[in-house]
Amino acid sequence: YWDWDMEATKPLKEWMISEREGESEFLRSNITDTSDRIDDFSSHEDFTPPQKGIIGAITRSFRNGSINGSVFNLCSATLGAGSLALPYSFAAAGLALGSFLLTLGAVATIYSIRLLVECRLKSNLKSYEELTLRLFGRKAELFVQLNIILFCYGVAIAYCRAVGDILKPIIEVGNFPEWFTDKITMTLFWLFIMFPLSLIQKMDSLRFSSLFGVLTIFFLVIATAQHTLEHISFEKVSWNKEKFWIGDFSSILRVSSIVIFAFTCQVNVFAINDDLEKPSARRMGIVTNRAIAICFFIYFFMSFFGYLEFEGLTCGNILQNYRQGIKEGHVMVIGAYLSVTLTTIMAYPLVIFPCRASFEALIRIDPRNRSFLKNFVVTLGISGSSLVISLFVSAISTVFQLVGGTTSAIVCFVLPAAFALKLEIPKSKFERVAVWSLAIGGAVVGILATIFTLIDIVEASSSTC
């Protein structure tokens, strides 16, 4: 019986042994295959080993196409030298009216970006130019291309000039040779920092410089608040009616032009949306709401503290009110000057990028087949000429006012509304009213603000110090 039992179970034992050997071989082959794939992946040129600690956390949080990286790209595209004129807007309109106009500008910006994203997703078109060509024809496309080029080019000129203006007081008090002027400073900053950054061909490559630019403007707000709290006593501040509501009609228009320019970022929306991981209206909405909220609070606190200290003496460029601090060696003031310079430098390539894209579309260069040499030549032409012109511009505020009242109003509000109406984005009556209000309001404010700016130029009057 025992012999029979052993013989009967022999096939079962052999089957179990073979199964175990098969499982072992399967595990060995899979482990080897997985190791090979890991080796192949690790050897890939784009592979970056996981980093630990704070640097690793920042890298993961601001990885390619992440929401946080896109937020700071949009912030950096929005924040810039235009923020220096916002304290004057509070001086011209008062705290209450200035805050209202600032809030209205933020809400209108969020809404216009939302319209652009919905148009992008519905039409599957990737730029202002493509949308205009498909919806309104070739002549309208040329108009939009020229508008975007002039807008971005004007801002690039202003940013180059801003670097020289901001650093000029530091050069004056420093022990520099006589030949080391603000124009030399502008040229050196452009050559070694601004132009190389402008050569980058993808917006997402600037996410870390964008983060740095936003952090420097945070420092400016802190420096402004600290200086104000050092030099005033809230108990002695006269909270009269004029402090809250000042502006006449012309002042409101000038303030509106400054606010429009300060929130201008719409030309970068398509590139930022396309670089976003799993782009959708909801995810881009998160990016937009966070970015514009950050910009709003930065603008508000900077305007509030700047105006609170200097009131009616607030300059068109708030840093001009702190020139005495430079001479006195005030550390925070010097840091504020340097931080604004860095912020302007970081924002500069974000206006060169859409300017280059529109110019290439105008002359029919396919960006997908663009060689490094073509990219270098086009970028050098745009960026280099903006530097040359800025060397002969004396009033940066005039550039901001003209750009804000003309091309900014068209690009930021009129065109997004026109796209949405043509694609029938608004469904309800309320949405249609909102879109029409954006279009008409942007056009009217832009035209009237430009008229008053031209009157100021003819009369040689200026709101700056």
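Going by this note's numbering, the first residue of the sequence shown is number 77, and it counts up by one from there.
Here a beta-carbon is modelled for each residue, glycine too, at the ideal position from N, C-alpha and C.
Residue i and residue j closer than 8 Å at C-beta
i: V563; j: S513; result: For the chain, the structure presents residues 77 to 541; residue 563 sits outside this window and is missing.
i: K354; j: V249; result: no
i: L226; j: T483; result: yes
i: V331; j: A168; result: yes
i: L160; j: Y413; result: no
i: P598; j: L191; result: The chain is shown only over 77 to 541; residue 598 falls outside these bounds and no answer can be derived.
i: F294; j: I368; result: no
i: L463; j: C236; result: yes
i: V511; j: L499; result: no
i: F265; j: V231; result: no
i: F381; j: T300; result: yes
i: G518; j: F489; result: yes
i: L352; j: G141; result: yes
i: I233; j: N365; result: no
Limits of the alpha helix (DSSP H) - the one that residue i falls within
i: T257; result: Here T257 belongs to no alpha helix (DSSP H), and DSSP marks it neither H nor E.
i: W512; result: 505 to 534
i: G401; result: 399 to 403
i: R51; result: With the chain represented from 77 up to 541, any question about residue 51 goes unanswered, as that position is not in the structure.
i: N149; result: 143 to 154
i: G457; result: 448 to 466
8 Å contact criterion, which residue i and residue j should meet: CB distance rounded
i: S146; j: I348; result: 5 Å
i: P163; j: S327; result: With 8 Å as the limit, P163 and S327 do not qualify as a contact, their Cβ atoms being about 14 Å apart.
i: L275; j: N144; result: Wrong, their Cβ atoms sit about 25 Å apart, outside the cutoff.
i: S152; j: A338; result: Not a contact, Cβ separation roughly 14 Å.
i: S228; j: P430; result: The sequence as given places Cys at residue 228; Ser does not occur at that position. Right, their Cβ atoms sit about 5 Å apart.
Three-state secondary structure (DSSP) of residue i
i: S175; result: helix
i: Q277; result: coil
i: N393; result: coil
i: G240; result: helix
i: G170; result: coil
i: K202; result: coil
i: L352; result: coil
i: I322; result: coil
i: D122; result: Note that D122 has pLDDT 42, beneath the 50 cutoff, so the model's placement of it is unreliable and the number below is only indicative. Reduced to three states, the DSSP call for D122 is coil.
i: S379; result: helix
i: E500; result: coil
i: H406; result: coil
i: F295; result: helix
i: V469; result: coil
i: C371; result: helix
i: C431; result: helix
i: I308; result: coil
i: N344; result: helix
i: G361; result: helix
i: G480; result: helix
i: G158; result: helix
i: D115; result: For D115, the predicted model reports a pLDDT of 42, less than 50, meaning its position is unreliable; a value from the coordinates is still stated below. Correct three-state label for D115: helix.
i: N223; result: helix
i: G250; result: coil
Minimum Cβ-Cβ distance from residue i to chain C less than 8 Å
i: E254; result: Reference to chain C is not applicable here, since this structure consists of a single protein chain.
Distance cut-off 7 Å: residue i Cβ against heavy atoms of the ligand PLP
i: S462; result: Of ligands this structure carries none, so the ligand PLP is not represented either.
* Asked: Within the chosen definition, does the stretch 202 to 214 reach the stretch 337 to 352 through at least 3 CB pairs nearer than 8 Å?
  -> yes
* Specify whether the stretch 301 to 308 and the stretch 415 to 432 touch according to this definition: at least 3 beta carbon pairs, one from each stretch, less than 8 Å apart. => no
* Check whether the stretch 434 to 446 touches the stretch 259 to 270, counting contact only when three or more Cβ pairs, one atom from each stretch, lie closer than 8 Å. => no
* To do: Inspect the CB distances between the stretch 476 to 490 and the stretch 525 to 535 and report whether three or more fall short of 8 Å.
  => yes
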